[in-house]
Every structure is written in structure tokens, then in C-alpha cells.
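Novice: If you read the sequence shown in the numbering used here, its first letter stands for residue 33, the second for the next number, and so on. Using N, Cα and C, we set each Cβ at its ideal position, and we do this for glycine too. Computed from a predicted model, the values in this text were never measured in an experiment.
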Amino acid sequence: MTKHIPLFVLLIVYVIVGALYAVRTPAWQAPDEPAHYNYAAQVAANGCCPVIEMGDWDSAYLDTLKAERFPPDLLDRLPTIQYEDHQPPLYYLLSGLVYRLTDGSLTALRLLSVLISARGSSRAPMRSPWHCCPIGAR
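#1: For PRO82, does the count of other Cβ atoms within 10 angstroms reach 16, so buried, or fall short, so exposed?
#2: Rounded to the nearest angstrom, what separates ILE113 and ASN78 at their Cα positions?
#3: Which residues in the same chain have their Cβ closer than 7 Å to the Cβ of ALA76, if we skip the five residues on either side of it in sequence?
#4: Quick check: the region 142 to 154 against the region 84 to 95, are at least 3 beta-carbon pairs closer than 8 Å?
#5: For the alpha helix (DSSP H) holding TYR131, just list the boundary residues, first then last.
#6: Using a Cβ-Cβ cut-off of 7 Å (strictly less than) and excluding sequence neighbours within five positions of ALA67, which residues of its own chain qualify?
#7: Have a look at GLY152 and ARG56 and give me their C-alpha separation to the nearest angstrom.
#8: Run through DSSP, which three-state label would PHE40 get?
#9: Is it buried or exposed, ALA99, if we count other Cβ atoms within 10 angstroms and call 16 or more buried?
#10: Is the separation between the beta-carbon of ALA72 and that of TYR124 shorter than 8 Å?
#11: Comparing C-alpha positions only, which one of ASP64, ALA54, GLY50 and LEU107 sits nearest to LEU138?
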């Protein structure tokens, strides 16, 4: 049990730093955040799964948003940024549920990502069906 303490401490630090990042980073400043957010919104509204279509990538609009750091007066077309629709749906099915439960809270979706990645990071090594050694160990 004591051999896992450093991993546990590292995991706690990760969750704290991740949560601070989720809460303190201004909206839409994380990479591709509007597109991922809109995927979750589409799943929440319509079910699985959105399909990428013409117009989902408006490079001129995206360049303007990025250059001006997502000012509120330019966010009226933000829901049109939907170029992440090609991503596998499992994460977005879960985030669509969180989107619904929190009325589309960006912070809640960011915290969900922190918790999912922390859970994935904390997994013990997979064991073979014979339980003799971790898979891949030689």
C-alpha cells in the first residue's frame, strides 16, 4: 500500500492543478474548446452522433476569434464551430449528459475532463487472464 503513496500524491496534485486550470482559464482559451463544447451540445440536444458537414469549419471566423481572444461581441456564431464531429462518441455521450445536467456549464465539462483523465491515470497495470504478470511484461 505504501508503494502507491507517491502515485496518489501525484494524482491529487494533478486533480488540483487540473481543477484550477478548468476554473481559472477564460472561456474558449483551451485548444479547440468551442468545437468540443459544441459536439457535447449537439449530443445533449439531438442524441448521438453529429456528422461533420460543409460550413463546420469557417477558418476566417476562427482566425478572427483567435486573433481577438474570443471577445463577447463575436460569440454570436460560436455554435457554428463544429469541426470536431469526427471524434469517437463515448466521451461526448458522457459530456452531453453533464451538459444537460448543468445547463451547458463550460466549467463542469472541463472538470469532467479532469476527472476522466485522473481516473485513467490512476488505473493499475492490466493483468493477463492468468494473473501472473502485467500484460506486456517479459
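Specialist: So, to answer that:
#1: For the purposes of this step, residue 82 is identified with residue 50 of the sequence shown, where counting begins at 1. Buried, since its Cβ has 16 or more Cβ neighbours within 10 Å.
#2: The sequence position of residue 113 within the sequence shown is 81, counting from 1. The sequence position of residue 78 within the sequence shown is 46, counting from 1. For the pair ILE113 and ASN78, the Cα-to-Cα distance works out to about 16 Å.
#3: The residue you call residue 76 lines up with position 44 of the sequence shown. Excluding residues within five positions, the ones whose Cβ falls inside 7 Å are GLY128, TYR131 and ARG132.
#4: no
#5: Against the sequence shown, residue 131 aligns to sequence position 99. For TYR131, the uninterrupted alpha helix (DSSP H) run begins and ends at 122 to 133, by DSSP.
#6: Your numbering for residue 67 matches position 35 in the sequence shown. Excluding residues within five positions, the ones whose Cβ falls inside 7 Å are ILE113, GLN114, TYR115 and GLU116.
#7: By one-based count along the sequence shown, residue 152 stands at place 120. By one-based count along the sequence shown, residue 56 stands at place 24. So the two alpha carbons sit approximately 23 Å from each other.
#8: As a position in the sequence shown, residue 40 is number 8, starting the count at 1. PHE40: helix per DSSP, three-state reduction.
#9: As a first step, residue 99 must be located in the sequence shown, where it is residue number 67. Exposed: under 16 other Cβ atoms inside 10 Å.
#10: Locating residue 72 in the sequence shown gives position 40, counting from the first residue. Locating residue 124 in the sequence shown gives position 92, counting from the first residue. Yes, the Cβ-Cβ distance between ALA72 and TYR124 is below 8 Å.
#11: One-based indexing of the sequence shown puts residue 138 at position 106. Out of ASP64, ALA54, GLY50 and LEU107, ALA54 has the C-alpha closest to the C-alpha of LEU138.
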